[in-house]
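J.:
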């Protein structure tokens, strides 16, 4: 017995864990199948299905555009003349257009025989001329023709189009003859002409150019989804699987920090995710090559090979960041699960959320630096920008932002994973209840993080559906939307039996006067700063949805009694949204007496949910910032009241400004931005408010 | 070698009630000694052992392993402690040799030392016949031997074994306990918990009996197992005399 070993080096532990986990992954056939074989089969299957559909549609289109030979029978006294003219215009036609028949066969017969041939399908059409005849074609009257076409199965519009084109040509010829007979110059028929002397040729009728960006956007979202899925099974196996097999303890008792163990596991999962990305990328490229060969000849995709290679490289670099965030996110989620089943149940919505974010990035009009820093959306946005021919400098900036953001998010997620992995409850305690869905859980002081997450999801879904069916009048729809938030919350509170005073922090804040004044200053200052920033960045270029909301809110203020606007815009949102986000959701994410890391994560998460809840993308940065500040106020003061007041002050500022406009005074908000003095006052209010809250909290603990 | 000093671990149950899983226990295990930690289910044995293995943080009190304090120097404790519990598993898709090799690397053994130590443990624990077979195909007894090898790979002077024989048959349990006696002879301090009192009655040097999170009796083999009725009678008498439910 030697007694002890030396402390292992940090990288010795990290690499040993990564090596060990990788070895386990590559020996698991399910992981290999889902991670590598599924993408290789997925792209060809999807491409084949879409190509076959496209090919069939194009072939059909092609067939429908091929001219047919036309067999016609004419009846009536002027039939010989009309037949002669038809034959003449057909023979002399120059560049007659797509509706022109391939050939024309003409016959003159009595109506009875013509109808028999028509019904037998032996001719394409029969034209009956008027019985009186008399050279109507060369006179100054209109020659009325009646035509019948043979019934075709499947229906084909070409005989009709051919006949119309022929008759138009005959009419044109007759018009020319009549003008000449009247002694007028031929130019009477053609007052204006138009030519394109520099054009080489007319573009192909069925160009694929418009199809490419849509297809590329779809492939990018699929690539993001399948890359993220690459980390799914390895992450579950790496932590939840180890917990289930009882091997996680053997890692947690080695002389190394939990962070190093998580980093080792991250390297292994990241390697698998990267490999999954590589397989996906190769599969996409090969599928594209095969796809090109399957397309009908003559279709121009309008892609330059050199540019395509550069775009593919930028996409791969950006997606390496996506792979890192996906691996870290999968690890963080599975670290908070007690079993593989729990991990699968939790990770599935996370992967769907990632797909949603990736899908958000391909929405037309979405882009820019704010999107570039979003996980899953940023990488897709960068790739989309590259593929749409974005300028080099701007693209490099977006790519750098996206990579930095990926690094930061991965680091934060790994910190969360390390914290969750060392969590005693998650390691050693079983589920709280063995009951079914309808069995009421045991009373507990605070909601769990999962209950916070579930509440946010339920609220988001409820809001989505309610805003779809809510009446247009904001005096009705806005309270309805707040009710959509509050009713599920009330049901949740009643069902979960949490301590309501602790969860919603229903206590009076310490140094109440300063806390309240500080909150009002922070809320009002934040609105003005947010509005100034938004006007600077976006100007008055807002989405139709946001414009619609603004146009509905203004009459609410001016046409209803004053208290209606204050109730609906200020009081209801401040109370309902604070009870929900800074009450339930923040308490669920932060827990009791959280450490700094968990508190920061909880504030950021509830702020993200708060921003998403406001649905309008251009408002999200401002609502996210508001959510962060309100979360900080709640955790700092230990009471929900200051956050409610700050929220109310934030929402009250636009009402006050609208009242100033109504009084005919100079409004603070002008179309060209907020004046400098307004921003200065707002910054001073915000800083003063933060100082008051921080000092009030430092001086006294909240009273029970 | 192992000193436990008024160690306590309290936590809140799902319904908010305070549970005192370990409530101020004190005992020690000297080098070259096997100490049996006895108690009914829920007595606090596993929690106490997890505290010693630094898997849990104590609410109050402390413990030292080879002089390293579990709160202030958990990495030092882990370098000197081998830990094995009834629920400790082995990776299904790795072989016993790979399990031991990775454990050696994770405990800081140099690359050249790992191979020698693995060969030594394979021989000591009798793993030769299945050393290259995936652990998922091994029997419970074979897996437990691999687990013990993993706990011994860094040659720790102290061992904490939580019900190591619970999944083993009579033969497997006897082999493992024989092995522990050899490890004691090498001078290691061994703390073992089990429900099978008769298995350890003649093998432990001392016993610590816990009930409802507290130490209700402790003494030498002679004091506990040498009385009429043996260890079992002493165990029940200690629990009954504790006054705890």
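Protein chains in written order, with this note's numbering: chain A, 1 to 704; chain B, 1 to 245.
Each residue gets a CB set at the ideal place from its N, CA and C atoms; glycine is no exception.
Which residues in chain A have a C-beta closer than 9 angstroms to the C-beta of residue 193 of chain B? List them in chain order.
T.: By Cβ distance, chain A contributes nothing, its closest Cβ being about 15 angstroms from residue 193 of chain B, past 9 angstroms.
J.: For chain A, check one thing: does any of its Cβ atoms lie closer than 8 angstroms to the Cβ of residue 96 of chain B?
T.: So, not an interface residue.
J.: Can you look up residue 508 of chain A in the DSSP assignment and give me helix, strand or coil?
T.: Coil, per DSSP.
J.: Nearest to residue 146 of chain B by alpha carbon, out of B:156, B:158, B:164, B:157?
T.: Of the listed residues, the one whose Cα sits closest to residue 146 of chain B is B:164.
J.: Enumerated in chain order, which unbroken segments of the alpha helix (DSSP H) with a length of 4 residues or greater are wholly contained in the segment 87-127 of chain B?
T.: Here the runs fully enclosed are 96-106, 111-125.
J.: Taking any Cβ of chain A, which residues in the segment 74-103 of chain B have a Cβ under 8 angstroms from it, in chain order?
T.: Going along the segment 74-103 of chain B in chain order, one finds 75, 76, 78, 79, 80, 81, 83, 85, 87, 88, 89, 90, 91, 92, 93, 94, 98, 102, 103 with a Cβ nearer than 8 angstroms to chain A.
J.: In three-state terms, what does DSSP make of residue 96 of chain A?
T.: Reduced to three states, the DSSP call for residue 96 of chain A is coil.
J.: Between residue 327 of chain A and chain B, is the shortest Cβ-Cβ distance under 8 angstroms, so that the two count as touching?
T.: Taking Cβ atoms only, chain B never reaches closer than 8 angstroms to residue 327 of chain A, which makes this a no.
J.: Who are the neighbours of residue 237 of chain B on chain A, taking C-beta pairs under 8 angstroms?
T.: Under the 8 angstroms cutoff, chain A gives no residues; its nearest Cβ is about 31 angstroms from residue 237 of chain B.
J.: At the 8 angstroms Cβ level, is residue 3 of chain A part of the contact set with chain B, yes or no?
T.: Reliability fails at residue 3 of chain A, whose pLDDT of 49 lies under 50, so the model's placement of it is uncertain and the value that follows must be treated cautiously. For residue 3 of chain A, the answer is yes, since a Cβ of chain B falls inside 8 angstroms of its Cβ.
J.: Just mark residue 239 of chain A as buried or exposed, buried being the case when its beta carbon has 16 or more other beta carbons within 10 Å.
T.: Label assigned to residue 239 of chain A: buried.
J.: Can you find the residues in the same chain that come closer than 6 angstroms, C-beta to C-beta, to residue 268 of chain A, ignoring five residues on each side of it along the sequence?
T.: Only 18, 21, 22 meet the Cβ criterion.
J.: Just tell me which of B:102, B:89, B:5 has its CA closest to the CA of residue 60 of chain B.
T.: Among B:102, B:89, B:5, the Cα nearest to that of residue 60 of chain B is on B:5.
J.: Taking Cβ positions only, does residue 54 of chain B come closer than 8 angstroms to chain A?
T.: Yes, its Cβ sits closer than 8 angstroms to a Cβ of chain A.
J.: Starting from residue 195 of chain A and walking both ways along the beta strand (DSSP E), at which residues does that stretch end?
T.: Note, residue 195 of chain A: premise wrong, no beta strand (DSSP E); not H, not E.
J.: So which residues on chain B does residue 341 of chain A lean against when the C-beta distance must stay under 7 angstroms?
T.: Those within 7 angstroms of residue 341 of chain A in chain B number zero; the least Cβ separation is about 17 angstroms.
J.: Under the rule that 16 or more other beta-carbon atoms within 10 Å means buried, what is residue 49 of chain B, buried or exposed?
T.: Residue 49 of chain B is buried by the Cβ-count criterion.
J.: Can you pull the chain B neighbours of residue 16 of chain A, defined as C-beta to C-beta under 7 angstroms?
T.: Those within 7 angstroms of residue 16 of chain A in chain B are 102, 105, 106.
J.: If I follow the unbroken alpha helix (DSSP H) through residue 637 of chain A, where does it start and stop?
T.: Where residue 637 of chain A is concerned, the enclosing alpha helix (DSSP H) stretches over 620-637.
J.: Please check if any C-beta of chain A sits within less than 8 angstroms of the C-beta of residue 64 of chain B.
T.: No - not a single Cβ of chain A is within 8 angstroms of the one on residue 64 of chain B.
J.: Comparing C-alpha positions only, which one of B:199, B:196, B:177, B:198 sits nearest to residue 190 of chain B?
T.: Minimum Cα distance to residue 190 of chain B is reached at B:177.
J.: When you compare each of A:274, A:164, A:427, A:112 to residue 251 of chain A by their alpha carbons, which one comes out closest?
T.: Residue A:427 is the option with its Cα nearest to residue 251 of chain A.
J.: Could you run through the segment 128-150 of chain B and flag, in chain order, every residue whose CB is less than 7 angstroms away from some CB of chain A?
T.: Residues passing the 7 angstroms Cβ filter: 150.
J.: Mapping DSSP to helix, strand and coil, what is residue 116 of chain A?
T.: Helix at residue 116 of chain A.
J.: May I ask which residues mark the beginning and end of the alpha helix (DSSP H) holding residue 349 of chain A?
T.: Run containing residue 349 of chain A: 340-361, per the alpha helix (DSSP H) assignment.
J.: Could you pull out every unbroken alpha helix (DSSP H) segment of at least 4 residues lying fully inside the segment 148-194 of chain A, listed in chain order?
T.: Listed in chain order, they are 158-181.
J.: Examine chain B for any beta-carbon lying closer than 8 angstroms to the beta-carbon of residue 278 of chain A, and answer yes or no.
T.: So, not an interface residue.
J.: How would you call residue 342 of chain A, buried or exposed, if buried means at least 16 neighbouring beta carbons within 10 angstroms?
T.: It is buried - the Cβ of residue 342 of chain A has at least 16 other Cβ atoms within 10 Å.
J.: Name the two residues that bound the continuous beta strand (DSSP E) containing residue 189 of chain B.
T.: From DSSP, the beta strand (DSSP E) with residue 189 of chain B extends over 189-193.
J.: Closest to residue 351 of chain A by C-alpha separation, out of A:320, A:8, A:228, would be which residue?
T.: Looking at the Cα atoms, A:228 is the closest of the given residues.
J.: What does DSSP give as the partner residue(s) for residue 317 of chain B in the beta ladder?
T.: Here chain B comprises residues numbered 1 to 245, so residue 317 of chain B is not present and cannot be evaluated.
J.: Does residue 560 of chain A get closer than 8 angstroms to chain B when you measure Cβ to Cβ?
T.: For residue 560 of chain A, the answer is no, since every Cβ of chain B falls outside 8 angstroms of its Cβ.
J.: Please confirm if the segment 24-32 of chain A is in contact with the segment 111-121 of chain B, defined as three or more CB-CB distances below 8 angstroms between the two stretches.
T.: No, the segment 24-32 of chain A does not touch the segment 111-121 of chain B.
J.: Considering only the beta carbon of each residue, do residue 217 of chain B and residue 238 of chain B sit closer than 8 angstroms?
T.: Yes, these two residues count as a Cβ contact at 8 angstroms.
J.: From the DSSP output, read off the bridge partner residues of residue 310 of chain A.
T.: None; residue 310 of chain A has no bridge partner.
J.: Kindly identify the DSSP beta-bridge partner or partners of residue 38 of chain B.
T.: According to DSSP, residue 38 of chain B bridges with B:209.
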